[in-house]
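188 is the number that UniProt numbering gives to position 188 of the sequence shown; each next residue is one higher, with no gaps.
Heads up: the structure comes next, in structure tokens.
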Amino acid sequence: MGNYRIATIPGDGIGVDVTAEAVKVIDRVLPGVAWTTFDWSCENYLRTGAMMPADGVERLAGFDAIFLGAVGFPGVPDHVSLWGLLIPLRRAFGQYVNLRPVRLLPGTESALRDRTAADLDLLIVRENSEGEYSEIGGIHNPGRPDEFVLQESVFTRTGCERIIRYAFERAAERSGLLCSATKSNGLIHSMPYWDSVFERIAAEYPAVRTRQMHVDALAAEIVLHPDRLDVIVGSNLFGDILSDLAAAVTGGLGLAPSGNINPARDAPSMFEAVHGSAPDIAGLGIADPVAQILAGAMMLEHLGEHAAAAAIDRAVCDVLADGAVRTPDLGGSATTAELGTAVADRAAELSSDSATART
Ligand code: NAD
Ligand code: IPM
Ligand code: MN
1 MGNYRIATIP GDGIGVDVTA EAVKVIDRVL PGVAWTTFDW SCENYLRTGA
51 MMPADGVERL AGFDAIFLGA VGFPGVPDHV SLWGLLIPLR RAFGQYVNLR
101 PVRLLPGTES ALRDRTAADL DLLIVRENSE GEYSEIGGIH NPGRPDEFVL
151 QESVFTRTGC ERIIRYAFER AAERSGLLCS ATKSNGLIHS MPYWDSVFER
201 IAAEYPAVRT RQMHVDALAA EIVLHPDRLD VIVGSNLFGD ILSDLAAAVT
251 GGLGLAPSGN INPARDAPSM FEAVHGSAPD IAGLGIADPV AQILAGAMML
301 EHLGEHAAAA AIDRAVCDVL ADGAVRTPDL GGSATTAELG TAVADRAAEL
351 SSDSATART
């Protein structure tokens, strides 16, 4: 147990701080993980001219999983940093699912204050390899009055089918309710195609109740009636935007984890928070580590370490419910490390309790 080889890429800004806390928590519940840290980041880019070395993908390929902080920082344009590290890794390793659970955690104050945990428990299944995130396009007639830019979207049959089928499987395991994000009124080629794939695959899952909503209306539904939603499937861009919105509704970006999943398991999956490097609070030691800690729990769950994952999840809930140790985003004055330590201590307590119960 615990003899995993995990690559960490703490990255930039608060990514470094929250990753340290999450590693601390995992080490307490699953001793023996072999961590290898790669300092690939914007700082590395400024030093070497590359976000990661040319053989970066090869160097990561043999790990059991990748644990990533956040990438991107002022000083390096975002399209350079993200297309130099995060996005190529998602694609090279076939991580076509971006799984983003959104829950109202105990003791946290939702933007929707009268909602309870039962009302706000969503799973966003985001397409993670194509769609609106495409390199096809370019600027034409630059500098001239007739200058224009094209940015193409790519929706392949394979890409749509596999993510939609994955979402149906998750919905079948959970509440049997799946909502697809569309925008067929505005995007007249890609979204009617996405919808047709959704409808075809829906026929294979008669037990799953489906909804198809335009993404703008769905954004409003997440705020107004989150209780009427459970699993949500969306294209790369729609899933991205909806996941920040949904995280904010639960009480903040510091709480929402994310998994870049390779369902075939023929390459490492990669776990990270939904949030970014938060340059506005970087270096202050006050970032909320919960999202990254929960991403660590998702990673252990993916590796089959169900007890350790559950201990971390429960520890986060217990510490938040107790309320004594909170970072400023949750209305407290604790530091990143103080909250990380509180979760680590509680997680260690819970795992030793369950170890005792087994003997
Ligand atoms: P962001 O998620 O970094 O920050 C948005 C807001 O949320 C900020 O006010 C920030 O202080 C707050 N916030 C985020 N995480 C928090 C935490 N754990 N605790 C407390 N407050 C938190 O989004 P941004 O400012 O748009 O992006 C900053 C950089 O991060 C950009 O370079 C962006 O491209 C990059 N980014 C990277 C990833 C990733 O690597 N996974 C994800 C999103 C954004
Ligand atoms: C995320 C991020 C990334 C994305 C950016 C940084 C490219 O916002 O993981 O949500 O849009 O995929
Ligand atoms: Mn995002």
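A virtual CB, placed ideally from N, CA and C, is assigned to each residue, including glycine.
Asked	Found
Leaving out the 5 sequence neighbours to the left and right, which residues in its chain are closer than 7 Å to Ser110 when beta-carbon positions are compared?	Leu104, Leu120, Val249, Thr250 and Gly251
If we count Cβ pairs, one from each stretch, closer than 8 Å, do we get three or more for the segment 1-13 versus the segment 58-78?	yes
Looking at chain B, is there any beta carbon in it that lies within less than 8 Å of the beta carbon of Arg170?	In the structure shown, chain B cannot be found, because there is only a single protein chain.
So for Met270, helix, strand or coil by DSSP?	strand
CB-CB under 7 Å to Ala172, same chain, minus the five flanking residues each way: which ones, in chain order?	Tyr205, Ala207 and Val208
Classify Met51 as helix, strand or coil using the three-state DSSP reduction.	coil
Counting C-beta neighbours from all protein chains within 10 Å, is the total for Ser129 16 or more, i.e. buried, or is it exposed?	buried
Under a three-way DSSP split, which group does Val97 fall into?	strand
Report the option in Leu187, Cys42, Val102 and Pro106 whose CA atom is closest to the CA atom of Leu82.	Cys42
To the nearest angstrom, report how far apart Gly84 and Val316 are at their CA atoms.	33 Å
Beta-carbon within less than 7 Å of Met298's beta-carbon, same chain only, minus the 5 sequence neighbours each way: which residues are those?	Pro257, Gly259 and Phe271
Using only the heavy atoms of the ligand IPM, determine whether one of them is closer than 7 Å to the beta carbon of residue 447.	Beyond the ends of the chain as shown, which are 1 and 359, falls residue 447; an answer cannot be given.
Would Ser277 and Ala308 qualify as a contact pair, given that the criterion is a beta-carbon distance under 8 Å?	no
Buried or exposed for Asp322, going by 16 or more other Cβ atoms inside 10 Å?	exposed
Would you check whether the ligand NAD has a heavy atom nearer than 7 Å to the C-beta of Glu272?	yes
With H, G and I counted as helix, E and B as strand and the rest as coil, what does DSSP make of Thr19?	helix
Hey, out of Asp12, Gly15 and Ala22, whose CA is closest to Thr341's CA?	Ala22
Suppose the cutoff is 7 Å on Cβ atoms and the five residues either side in sequence are ignored; what does the same chain contact list for Arg115 look like?	Leu104 and Pro226
What is the DSSP secondary structure of Phe168, counted as helix, strand or coil?	helix
What is the DSSP secondary structure of Glu127, counted as helix, strand or coil?	strand
Give a yes or no on contact between the segment 172-186 and the segment 140-159, applying the rule of three or more CB pairs nearer than 8 Å.	no
Compute the beta-carbon to beta-carbon distance between Leu177 and Phe168, rounded to the nearest angstrom, for a pair I have assumed lies under 8 Å.	11 Å between Cβ atoms; not a contact.
With Thr37 as the anchor, note down where its beta strand (DSSP E) starts and where it stops.	Ala34 to Thr37
Using only CA atoms, which one of Ala203, Leu294, Ile124 and Val215 lies nearest to Val343?	Leu294
For Arg100 versus Val319, is the C-beta distance shorter than 8 Å?	no
Can you give me the Cβ contacts of Ala192 inside the same chain, cut-off strictly under 7 Å, excluding the 5 residues immediately before and after it?	Checking the displayed sequence, the identity of residue 192 turns out to be Pro instead of Ala. Cβ neighbours of Pro192 beyond the five flanking positions: Ser184.
Just how far apart, CA to CA, sit Asp78 and Ile312?	32 Å
Buried or exposed: Thr336, going by 16 or more other Cβ atoms within 10 Å of its Cβ?	buried
I believe Val18 touches Ala287 by the beta-carbon criterion, under 8 Å. Please report the beta-carbon distance rounded to the nearest angstrom.	5 Å
Going by DSSP, name the residue or residues bridged to Arg209.	Leu177
Going by beta carbon distance, what residues of the same chain come within less than 6 Å of Tyr133, once the five residues before and after it are set aside?	Asn236
With a cut-off of 8 Å on the beta carbons, I'd call Leu123 and Arg174 a contact; round off their distance for me.	7 Å
Using a threshold of 7 Å, is the CB atom of Asp78 nearer than that to any non-hydrogen atom of the ligand MN?	no
For Asn260, which residues does DSSP report across the bridge?	Asn98 and Met270
Helix, strand or coil for Leu122? Go by DSSP, reduced to three states.	strand
Please check the pair Val76 and Arg170, which I expect to be a contact at CB under 8 Å, by giving their CB distance rounded to whole angstroms.	Between Arg170 and Val76 the Cβ distance is about 35 Å, and since that is not below 8 Å, they are no contact.
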